[in-house]
Amino acid sequence: MSSMYQSSSFNEAGVTRPYAQIPKTPDFSNVFNKVTAPAAGVVQEAPNSVILNNAGSYKFCYTTSASLAGSTLDPTDYISGSVLDGDSGPIELPIQPVAWAAAGAAAKTGDVTFVYKGVK
1437 MSSMYQSSSF
1447 NEAGVTRPYA
1457 QIPKTPDFSN
1467 VFNKVTAPAA
1477 GVVQEAPNSV
1487 ILNNAGSYKF
1497 CYTTSASLAG
1507 STLDPTDYIS
1517 GSVLDGDSGP
1527 IELPIQPVAW
1537 AAAGAAAKTG
1547 DVTFVYKGVK
């Protein structure tokens, strides 16, 4: 991120003051939050957290040799992690997996949301 202050600013009279420091507006194009709903078994960048949106049992992959956007469905890559009952509602977990899969039932895109905070 660039400096919080900028120099060579113009004052009210239009005169350049090379060493005057004034606050610089943050560049919000570099810092914002985003969410994605990746398909099960597809490798993503590790998020800051995940949200479980639908009832079911979920397992997560934390490391893999597969490339980003590649597929990792090897059962040995996954650790069983969460069970969400039907009446629990969405829940956020502070974990950083690179992929997810459903344990048992069929997985649907949108069952798990990856949350990225302060990224471009």
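Residue numbers for the sequence shown follow this note's numbering, so the first one is 1437 and each next one is one higher. Built from N, CA and C at the ideal position, the CB exists for glycine as well. Remember, it's a predicted structure, so these values are computed and weren't measured experimentally.
Close beta carbons around residue i, own chain, < 7 Å, minus the five adjacent residues each side
i     : result
A1539 : S1493, Y1494, K1495, S1516
A1502 : V1479, T1508
D1513 : C1497, T1500
Boundaries of the beta strand (DSSP E) in which residue i is found, first to last residue
i     : result
Y1514 : 1514-1520
K1495 : 1492-1497
L1488 : 1485-1488
Coarse secondary structure for residue i, derived from DSSP in three states
i     : result
P1533 : coil
P1511 : helix
K1470 : strand
V1479 : coil
P1459 : strand
A1538 : strand
T1500 : coil
G1546 : coil
G1554 : strand
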